[in-house]
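Trainee: Would you mind keeping the following structure in view while I ask a few things?
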Amino acid sequence: MDAAVSGWAGWLGTAVRDWRPAPPPLPDHLEGILRDGDPEWFARELAIAAAPPWEVWLFLLRRFSWLVDVFGRVEVTGSIPEELRRGPLLLAANHVGDFDPFLVAVALYRLGVVPRIMATGGIMTAPVAGPLLERAGGIRVDRGTEVARHAVRVTEVALVHGGHVVAYPEGRVGLAPDGWPERGRTGMARLALGVRVPVIPVSQWGAQEVLQYGNDWGKLRTLARSLVQRPVLRVHVGPPVFMEDLEVGRVGDANRARMRIAAAITRGLVPLRAAGDPLHPDPTRPTTGAAAFPGGVVPDDIP
């Protein structure tokens with residue numbers, strides 16, 4: 067009996083670990099992109115990037131976005147004009163914690179955007195959650211590896227096919243001591259200049275109260291606390307970042323684009339932080355980063 071139970075449990079565990087919703091077929095015009103040695107997920111993500119939003123993802127956003135409101139009072143300001151929503155968008159958000167992808171996704175959906183979120187390889191390889199996120203249009207980013215370039219290609223395909231891609235220019239949860247966004251990397255700036263799509267700054271604050279930085283039981287403690295205290299979860303969507311005068315191949319322009327994006331996010335964050343610092347400072351969060359604009363002070367003469 068014990069052997070039978072153990073065998074059944076092993077089968078169930080394997081089934082859960084290996085489960086993955088079927089991707090759409092890869093369009094013929096993308097077949098030529100594939101090369102020997104590509105990671106096994108690359109073809110799937112290309113096919114998903116070229117396809118319309120997954121109906122299950124739309125259903126979840128439509129029917130269950132209220133779950134985010136359970137953990138806090140969501141306030142969304144700003145807007146995205148309809149003429150922009152009809153085309154591709156690159157949405158650049160600051161990253162304050164593990165809960166903010168849920169907050170940003172729900173906020174953007176309420177503004178008429180169906181987000182495709184860039185996420186780390188660690189999240190995308192998690193059982194069940196990873197395959198669901200991938201099928202919903204999530205784009206895997208393996209930072210600092212040889213396959214990181216595949217994320218750029220998938221993102222390009224998503225944008226060419228009218229997708230709304232959410233990216234974090236910082237490349238990680240921000241670790242500046244004062245909580246203001248870091249300058250980030252130039253990868254997103256280069257992508258924006260290369261594809262020539264509108265870059266929309268998304269500033270958000272409060273999600274760090276829901277899930278602490280450290281991966282221990284404290285995450286459950288902060289999650290439970292937010293159910294009772296319901297912190298204010300603020301999201302502001304600003305106007306497109308002006309980059310028409312920049313070119314992808316010109317020396318210095320990628321850095322200029324990076325700083326303009328960081329400046330736009332920081333400016334949008336200033337009113338969201340007017341109420342002060344988080345009620346519960348997170349002792350598990352390192353403070354090894356540096357803000358692009360310490361104190362949220364952005365000069366008027368950003369080049």
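Numbering (the working numbering), first residue to last: 67 to 369. Where a beta carbon is used, it is the ideal one built from N, C-alpha and C, also for glycine. Owing to the predicted nature of the structure, the values given are computational and were not obtained by experimental measurement.
(1) With which residues is MET184 paired in a DSSP beta bridge?
(2) How should PHE137 be labelled, buried or exposed, when 16 other C-beta atoms within 10 angstroms of its C-beta is the threshold for buried?
(3) Please identify the residue among GLY163, LEU335, GLY187 whose C-alpha is closest to the C-alpha of ALA273.
(4) Under three-state DSSP, which class holds HIS95?
(5) Measure the Cβ-Cβ separation of GLU275 and PRO344 and say whether it is below 8 Å.
(6) Please classify GLU200: is it buried, with 16 or more other beta-carbons within 10 angstroms of its beta-carbon, or exposed?
(7) Span of the alpha helix (DSSP H) holding THR332?
(8) Rounding to the nearest angstrom, what Cα-Cα distance links ILE189 and LEU198 in this structure?
(9) Using C-beta distances below 7 Å, list every residue in its chain close to ARG249, excluding the 5 sequence neighbours before and after it, in chain order.
(10) Note the first and the last residue of the continuous alpha helix (DSSP H) segment covering PRO235.
(11) For PRO297, count neighbouring Cβ atoms within 10 angstroms of its own Cβ and tell me buried if that reaches 16, exposed if not.
(12) Using CA atoms only, rank isn't needed, just tell me which of VAL122, GLY98, THR143 is closest to GLN270.
(13) Tell me which same chain residues have a C-beta within less than 6 Å of the C-beta of PRO337, skipping the five on either side of it?
(14) Drop a sphere of 10 angstroms on the beta-carbon of ARG370, count the other beta-carbons inside from all chains shown, and report buried for 16 or more, exposed for fewer.
(15) Looking at ASP208: is its Cβ nearer than 8 Å to the Cβ of ALA214?
(16) Name the residue from GLY153, VAL220, PRO91 whose alpha carbon lies nearest to the alpha carbon of PHE108.
Mentor: Straight from the coordinates:
(1) ILE205
(2) buried
(3) GLY163
(4) helix
(5) Their beta carbons are under 8 Å apart, which means GLU275 touches PRO344 by this criterion.
(6) buried
(7) 319-338
(8) 11 Å
(9) Excluding positions up to five away in sequence, the list reads ARG324, MET325, ALA328, ALA358.
(10) First-last for PRO235: undefined, no H or E at that position.
(11) buried
(12) Among VAL122, GLY98, THR143, the Cα nearest to that of GLN270 belongs to THR143.
(13) none
(14) Here the chain comprises residues numbered 67 to 369, so residue 370 is not present and cannot be evaluated.
(15) yes
(16) VAL220
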